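Asks: Note that the sequence shown covers residues 641 to 1098 in our numbering.
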Amino acid sequence: MNILIVGCGKAGSILTQTLSNEGHNITVMDTDTDIVKSLVNNYDVQGVCGGALIVRDLKEAGVETANIIIAMTDSDETNIMCCLMARKLGARHSVARVRNPGYAEQMIFMREELGLSMMINPEYQTANEISRMLRYPNAIHVETFAKGRMELAEVRVPENSILDGLQLAAITPKLGLHMLICAVMRGDHLTIPDGSFRLAAGDKIYITAGHAELAQLYKKMSDLKRTIRSALIVGGGKIGYYLVRQLLELNMHVKVIEQDRSRCEQLSEWFPKAVVICADGTDQEILLEEGIATADSCIMLTGIDEENIILSFYAKKIGVDKVITKINRTSLLSISDSVGLENIVSPKETTAELILQYVRAKQNSENSNIITLYRLADNRLEAIEFIVRGGAKYIGIPLKDLHVNPGFLIAGIIRGSKRIIPSGADALKENDSVVVVTTNRKITSLDEMFLETGGVQA
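1) According to DSSP, simplified to helix, strand and coil, what is residue 648?
2) Which ranges would you report for the beta strand (DSSP E) in the stretch 919-991 if only whole runs of at least 3 residues count?
3) Assuming contact is defined by CB atoms lying nearer than 7 Å, are residue 707 and residue 641 in contact in what I supplied?
4) Taking C-beta to C-beta, are residue 736 and residue 703 nearer than 7 Å?
5) DSSP state of residue 771, grouped into three classes?
6) Is DSSP giving residue 736 helix, strand or coil here?
7) Give the single residue among 808, 806, 873 whose Cα lies nearest to the Cα of residue 886.
8) Flag this pair as yes or no: are the beta carbons of residue 992 and residue 1037 separated by less than 7 Å?
9) Mapping DSSP to helix, strand and coil, what is residue 1046?
10) Residues in the same chain with beta-carbon distance under 7 Å from residue 853, minus the five sequence neighbours each way, listed in chain order, please.
11) The beta strand (DSSP E) spanning residue 686 covers which residue range?
12) Residue 777 by DSSP, collapsed to three states: which one?
13) Just curious, the alpha helix (DSSP H) that residue 815 is in, first and last residue?
14) By DSSP's criteria, residue 785 is part of a beta bridge. Which residues make up the other side?
15) Taking buried to mean at least 16 other C-beta atoms within 10 Å of its own C-beta, is residue 829 buried or exposed?
16) Can you give me the start and stop residues for the alpha helix (DSSP H) that residue 879 sits inside?
17) State the start and end residues of the unbroken beta strand (DSSP E) segment that holds residue 1022.
18) Report the three-state DSSP secondary structure of residue 871 (helix, strand or coil).
19) Are the beta-carbon atoms of residue 972 and residue 945 separated by less than 7 Å?
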């Protein structure tokens, strides 16, 4: 696909790298010549130094033949106007990064009346991710497929838990749970395991199951965390605003520590049920005074990554059950897990991931059958949801009789309202949604999972 990315900050650069690696024709445009040159030199992309609202520059960047334009400048208004102009000039679809909550409330109008395809609010989406982490306290991350009918959870195997030392083939008989462990990260080694694989304490495991099965698994694990009822949030910016609103809707007790007095007054007015403290959230005495030691969860949302990391270490040291850390810098993201910080959120990574899913969906409508894509295990693993198209050679054949290429695993099948954790006796049917876990980073079709000879074993 021809994709034009306007505004190439950190999130734009992540998108450029990812979409270029996936074989799309990418053109980047930014007012900063050095940024454009760097992206052109590092990736297989075209570059134009120009303004997002200058018709001449947009045309030079190929807007007239763009399948998708993605506007990610620092200005909401510029992003919206750029997308509207691009649509008038011939771009087929448009995505704008928009942070103002007021604009988000007008999304239906902007889509239907102005032709804006999609708006991404990084702070709102990051708050959604944090809220999901708090609803599943034992999981590091949880992703959903088929409109919530199947979930994929990332969980750490605790010391002396029922999973420690257990062979995968014995999980269902021993635990009585119908689930599938579809990938294991042990240290730096990623494995798509078979039934003979034996788990060990410290493993990161990726499980597909329904919500009820995951809840039962957590109850059987020795380090079960209690349901999270309270949250201490350090930093009351935009993410904090969205998060407080969501957590109050979940009937949690929410306390926010924010240094800016005017912002505290706003938060108190917007959320009278929350406790808002005007103080320095990096002060140890303040944290202790405000009950960090008894909080079920702490979420570090200051504007400085290093502060968030240090505060998170402190919260973990004094025994807070669930600690979530916001980190923006990519270089810090790569080392966070190695130093014991597992629950990390990054607005820029979240934005790039959502836009990537949108691009995949549009590609699906043209020449692919991908519905949803998530990246896991430090971006080394992909979980992809496909639709089974009519006429495929593997339809109706038991999975045990299909030859699957290395690095692939069918992790789940959704058939109407029915969720299937697959066994060898199951077979795919037309219009099934199929969740595939793979280490292949460029798969665009379910056909690529099977041998060209129809996929049937000899």
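The beta-carbon is built from N, C-alpha and C at its ideal position, and this holds for glycine as well. Keep in mind the model is a prediction, meaning the values are calculated, not measured.
Replies: So, from the listed chains and residues:
1) coil
2) 937-940, 962-966
3) yes
4) no
5) helix
6) strand
7) 873
8) no
9) Looking at residue 1046 - three-state DSSP - the assignment turns out to be coil, as it is neither helix nor strand.
10) Take residue 853, set aside five residues on each side of it, and the residues of its chain with a beta-carbon closer than 7 Å to its own are 817, 818, 819, in chain order.
11) 686-689
12) coil
13) 811-815
14) 790
15) exposed
16) 878-889
17) 1021-1027
18) Here residue 871 sits in strand by DSSP.
19) The Cβ-Cβ distance between residue 972 and residue 945 falls below 7 Å.
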